[in-house]
Amino acid sequence: MAHAISHDQAHDPMNVTNPEHAEHHIVTPLQYSMVFGTLLLFTGITVWVAYIDLKVFNPILALAIASFKAVVVVLFFMHVKYQSRLIKLTVACGLFTFTVLTIMTLSDYISRSWGLW
Amino acid sequence: MSTAAYSSNTIVLLPDQATATIPKKNYITAEHGLLSWLLTGDHKRIAMLYLISITFFFFIGGAFAGMIRLELLTPQPDLVSSDTYNKFFTMHGIIMVFLFLVPSVPATLGNFLMPIMLGAKDLAFPKINLLSWYLYVVGGVLILAALVLGGVDTGWTFTTPLSTHYLNTHVITAAMAIFVAGFSSIFTGLNFIVTIHRMRAPGMTWFRMPLFVWSHYAASILMVLGTPVLAITLVLVALERAFGIGVFDPTKGGDPLLFQHLFWFYSHPAVYIMILPGMGVISEVISTFSRKRVFGYTAVAFSSVAIALFGFFVWAHHMFIMGVSNYSALVFSLLTMLVAVPSAIKIFNWSFTLQKGSITFETPMLYAFGFMGLFTIGGLTGVFLGSLGMDIHLTETYFIVAHFHFVMVGGMLMAFLSGVHFWWPKMTGRMYPESLSKLAAVTTFIGFNLTFLPQFILGYLGMPRRYHAYPPEFQVLNVLSTAGATVLGIGYMLPLLYLGWSLKYGEIAGNNPWQATGLEWQIQSPPLTENFVEIPIVDYEAYDYEWLAKKQKEQVTTVG
Amino acid sequence: MDNTIASTNALDAQPLMPHETAAHEHEEHGHVFVPQHRHHFETEEQQREAGSFGMWLFLLTEIMFFGGLFFAYLLYRNWYYPAFAVASNQLSVPLGGTNTAILITSGFFMALGVWAAEVRKRKMLVVTLIFTTLFGMAFIGIKYDEYHEKWEKHHIPGAQFDVSDFVNPAANGITDEQPLSPDMAQHTQIFFFLYFAMTGMHALHMIIGLCLLFWLTWRAYKGDFSSGYVAPIENFGLYWHFVDIIWLFLFPLLYLINRHPLH
C-alpha cells in the first residue's frame, strides 16, 4: 500500500460504521448533576404553577415544562447531543410520527361540528 | 466452465448435471439436530423456519377461504349458521393478514437475502431475529387456540363496540395473538433497519444496494413506527372487554371511532408493509429476466420511501362512512390520491425496464407479469375508492373485497411466489421443475381472475361484504367466483408439491442459474453459514447487466 | 480532550481479561476486541453503534405505543373536562411529586452508572446501579400505595366503581369541589381507566426494567462491564431514561389538571 490507511478504513473505506468519525464523548458527572438539578427545579415549578389560575395557559405551560425536561433528558442523560446525525434523525422521526398521529386524528374531532354539512 | 446447453429461450444456465453436486459445506449441513435449528442465530435458517410456518398458516387461512366460497355458492344461508360464517371470514382475514402477508416476504426472503445482498455475515441482531420467529409462533399458536376454543367473529378489523361489548367470542385471545405477532414484525423491521444502516460491505453505498433492500427498508420503517399503535389498540380492546369502561362505547361516553383511528393508523401502513417487499422482489425479477438494469433506479428507491411516508397520512380512507367529519374526509381523500403516485411510478419504471430488454418467460417472470397487471388493476380500483362519492357507494361491498384481493393476492402473493421461485435455487441448491411451475403460475393467474373479477361487478351491483346470504340474481357471479377459487387452490397446492419434490430430485442449480447480478448470486448455493468466504468490496453499480454481458461475450470470443 | 475516550483500538488500552481463542486471530491486526464481540461485526465501534441504534428504534416503538394512550387521554380530557378535573384532584400531588423526584433521581444514578462503566470504575458502577434500583423500587412502592387507596375508595373502573364522591362531594367530606351531574360523574371512570392504563403500563415497564437491573447489577459486580464493554449499561440507560420521560409527561397530565382554587 502506498499510503498508510487505518485498519478500519481498510475494512470499511466507505466508513459505514462511524460515518461522522464521532469521537466517543463522555458526559461528566458534573454535567449530569446540573441536569439533575434542573429537572428537580422544573418539577417544583410545574407543581407551583399548577396552583395558580392561568386559565388556558395552565396545560400549555405544564406541557411546555414537561417537554423541556424531556429534551434535557434526551440530550444529556441519553447522550443524544453527542451522538451521530443518524441517532438524532431517529429521535426526530419518532416524534414526527407521534405528531402525525395526534394532529391528523385530532383534525377529525375538531372539525366534526363545523358548519352543517 | 459449464457445458450446459444455452438456449435463447431461457437464460437458465445450469452446471453439468452428470458431475455437479451440492456443496458439502453449507448452512444446512453446518450443524445437525433439531436444536441446532431451533436455537440458531443464522438468518438463513431462521428464514427457512419462517417459510415452513407461514406456509402452514397460509393453508389454514386458505381452507377458511374455501369454506367462505363454498357457502357463497348458493344465495341462501344454507351451509353454516351466520355466526359460523362470521368466524370463517374473521379467521381467514386474521390469519392471512397477520400470519401470512405481513411476514411473508420480509421474514423469509428478506431474512435470507438481506445480509447477503449487503455483503454482511448476518443481520445486526441474530438473537432478536430468532426471538422474532418464536414470537410469530406464539402468536400463531394463540390464534389456533382461539380457533379451537370456538373462534372469533368480529371481522379482522375488530370494530368496536361490537368486539368490545356485543360479542361472546374469544376476542381477547385473538387480540393477544396479534399483539405478540406484531412484536415479531417490529423486531424484524428493527433488525433490518440497523443492518442496512450499519452493516453494508465496503463500497456498498445506498445507491448501489439492490432495490429489494430499499423496499425492505421502507417496509421496516412502517413496521417499527406503525405496529406499536396496533399493539396499544389491542390492549385497549382487551381492557375494555375485561372491565367494560366505555373507552369505545358510545352509551358510556366513549367514541367507537377512536378505536378505528388507532386501528387504521397501523392497518393502512400495514398494507404497504405487505406490498413493499413484494415490489422489491419484482424489481429484482424483472431486471434479471429482461437482462437490463432497472429503469430509474433512484426513482424506484425514493418511491419506496415515499410510499412509506405517505402511507402514514391516509388511514381514514377506511372510515369515510363511519362518522369522520367531512372536512377530514376531504383531506384524507386528497392524500389518498397522492399516495397512489409513487406506486404508479414503480409500475412505469418496471415497464420501461422491460422495454428493449431481452425478455424470457421463466416462472418468476410469469408471476412478475401477473403482478404488474393485477396490481395495476387493484391499485387503480383503490383510487376509485379514494374518491368520496364512489366510496360511499362501494364501501363495505364486494368491490372492496375484490380491490384488496387484487393488490394482496394478485399483487403480493404473486410477488412472494415469484421470489420463492427466483431464489429457490439459491436457498436450496436445487432447481424446481420449470414446466410444472409454469403450469402452476398460469393456473393461479386464471383462477385468480375467475375468482375476483366477478367480485368487482358484484360489489358495484351492491352485494355487501361479510354477508353469507345474497339476492338470487347475484348467484351466477358468485358461482364463477367459487369455481375460480377452486382453480386458484389447485394453483397454490402445486408449488407445495413440486417445491418439496425438488428438494430431493431437482436439478443442481449452481451458483448463478439465472446469470443474475447481485452479491447473492456470486456465492455458492446453498450459501455457507457465514455467507462469504471474504467480505466483498463493491465497486460496481447494481444491476450491471451490461458489464455481465460484456464479460460473457469476452468469454465466448476467447474460447472460440 | 479529557472528555473523550481513547479508541478501543489503541494498543495502550488497559489489558483486557483473557478472551476466547476465536478473538486471538484479530489481535494481529491491531484490533483489541472485548470478549463479547460478535463475529458478524467487523469492529467494536460498529457493534456498539448498531446496539445503540437498535435500542433507539425500540424506543421509537415505545413512543408510538404510549402515543395511542396519550391521544385517547387528549380526546377524553377535551370531551369531559369537568369530570377529568375533579377526578384528577383525587390524586395526591405530594405523592405524585415525590414520585417524580424519585424517578428523576433514579435516572440521575443511572446516568452516573453509565459514566462509571465508561471510565471502568467497577465499584462505582455497582453502587450507582443499586441506587437506581432502590429509587425505582421506591417509585413502585408509592404507586402501589396510591393504587391501594383507589381500591379502598372504589375508584377502580368497573363494576365496583362508586360515583358518590363526584355526584355528592359534600356528603363525603370533600369541600372544595363542585358536584357533577350523574352523566359527567360516570365519565370520571374514563379518567380513572386512563390513569390506571397509563400509569399501569408505565409501572409494567418499570418492573421489567427493575428485573433487568437486578441482572445487570449482578453482572456488573462480576466485572462484565468495567473493561470496555459498556453497551448493555448504555442501552439499558436509554430504556430507563425513556420510561422516566413518559412519567415526566404523565405527572402533569394526570395529577395537575386543575389544581387552582374553586372559582
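Chains as they are written, first to last, in this note's numbering: chain A, 400 to 516; chain B, 44 to 603; chain C, 3 to 265.
Each residue gets a CB set at the ideal place from its N, CA and C atoms; glycine is no exception.
Please look up how many angstroms separate the CB atoms of G339/B and F395/B, rounded, as I've assumed it's under 8 Å.
-> 7 Å
Comparing the CB of T440/B with every heavy atom of the ligand FAD, is any distance shorter than 8 Å?
-> The ligand FAD is not part of this structure, which contains no ligands at all.
Around the C-beta of T525/B, are 16 or more other C-beta atoms found within 10 angstroms, so that it is buried, or is it exposed?
-> buried
Between which two residues does the alpha helix (DSSP H) carrying H448/B extend?
-> Looking at the DSSP string, the run of the alpha helix (DSSP H) that includes H448/B is 441 to 448.
Exposed or buried, what is E563/B when buried is set at 16 or more other beta-carbons lying within 10 Å of its beta-carbon?
-> buried
On the DSSP bridge assignment, give the partners of N574/B in chain order.
-> L571/B
Near A365/B, what residues of its chain come up, given a Cβ to Cβ distance below 7 Å and the 5 sequence neighbours on each side ignored?
-> Checking the sequence shown, residue 365/B turns out to be Met, not Ala. Answer for M365/B: L300, Q303, listed in chain order.
Closer than 9 Å, Cβ to any Cβ of chain A: which residues of the region 190 to 222 of chain C, in chain order?
-> none
Return the first residue and the last residue of the alpha helix (DSSP H) that A281/B is part of.
-> 254 to 286
Report buried or exposed for V367/B, applying the criterion of at least 16 other Cβ atoms within 10 angstroms of its Cβ.
-> buried
Whole alpha helix (DSSP H) elements within the region 96 to 153 of chain B, 4-residue minimum | 125 to 137
Taking the C-alpha atoms as reference points, what is the distance between A61/B and A552/B?
-> Rounded to the nearest angstrom, the two C-alpha atoms are 12 Å apart.
By a C-beta neighbour count over all protein chains shown, 10 Å radius and 16 as the cutoff for buried, is P515/B buried or exposed?
-> Per the 10 Å Cβ criterion, exposed.
Beta carbon proximity, M242/B to chain C, threshold 9 Å = yes
How big is the Cα-Cα spacing for S79/B and K87/B?
-> 13 Å
In whole angstroms, what is the alpha-carbon distance linking I221/B and F141/B?
-> 7 Å
Residues of its chain near D582/B, where Cβ-Cβ distance is below 6 Å and the 5 sequence neighbours each way are ignored = G246
Continuous alpha helix (DSSP H) assignments of at least 4 residues falling wholly in the region 138 to 189 of chain C = 166 to 169, 184 to 188
Of the residues that make up the region 436 to 454 of chain B, which ones have a beta carbon closer than 7 Å to any beta carbon in chain A?
-> none
H311/B at chain A interface by Cβ criterion, 9 Å | no
Residue(s) in a DSSP beta bridge with P507/B = T440/B
Chain-order list of residues whose beta-carbon lies under 8 Å from that of Y93/B (same chain, five-residue window excluded) | Only residues of its own chain outside the window of five on either side were considered, and among them P146, A150, T151, N154, W176, Y179 have a CB closer than 8 Å to the CB of Y93/B, listed in chain order.
Using the Cα positions of A85/C and A244/B, report the straight-line distance between them to the nearest angstrom.
-> 59 Å
Is I318/B near M455/B, with beta carbons less than 9 Å apart?
-> yes
Specify, as a first and last residue, the run of the alpha helix (DSSP H) that Y508/A falls within.
-> 484 to 509
Are there three or more Cβ pairs, one per stretch, closer than 8 Å when the region 328 to 346 of chain B is compared with the region 278 to 285 of chain B?
-> no
Is the distance from the Cβ of P312/B to the Cβ of T238/B below 9 Å?
-> Taking 9 Å as the cut-off, the beta carbon of P312/B is found no closer than this to the beta carbon of T238/B.
Leaving out the 5 sequence neighbours to the left and right, which residues in its chain are closer than 8 Å to F137/C when beta-carbon positions are compared?
-> I104, L105, T107, S108, F111
H511/B burial status per 10 Å Cβ neighbour count (16 or more: buried) | Burial of H511/B is indicated by the presence of at least 16 other C-beta atoms within 10 angstroms of its C-beta.
Compare the C-beta of Q92/C with all C-beta atoms of chain B and state if any pair is closer than 9 Å.
-> no
Tell me R40/C's beta-bridge partners as DSSP assigns them.
-> As far as DSSP is concerned, R40/C takes part in no beta bridge.
Proximal residues of chain A, C-beta to C-beta of V95/C below 8 Å = V446, A449
Using the beta-carbon count (16 or more within 10 Å), is S183/C buried or exposed?
-> exposed
Whose CA, out of M252/B, L268/B, L378/B, lies closest to the CA of S326/B?
-> Of the listed residues, the one whose Cα sits closest to S326/B is M252/B.
Name the residue from F194/C, A140/C, L240/C, I142/C whose alpha carbon lies nearest to the alpha carbon of A156/C.
-> One point to set straight first is that residue 156/C is His, not Ala, in the sequence displayed. Minimum Cα distance to H156/C is reached at F194/C.
Answer with yes or no whether the minimum CB distance from R79/C to chain B is below 9 Å.
-> no
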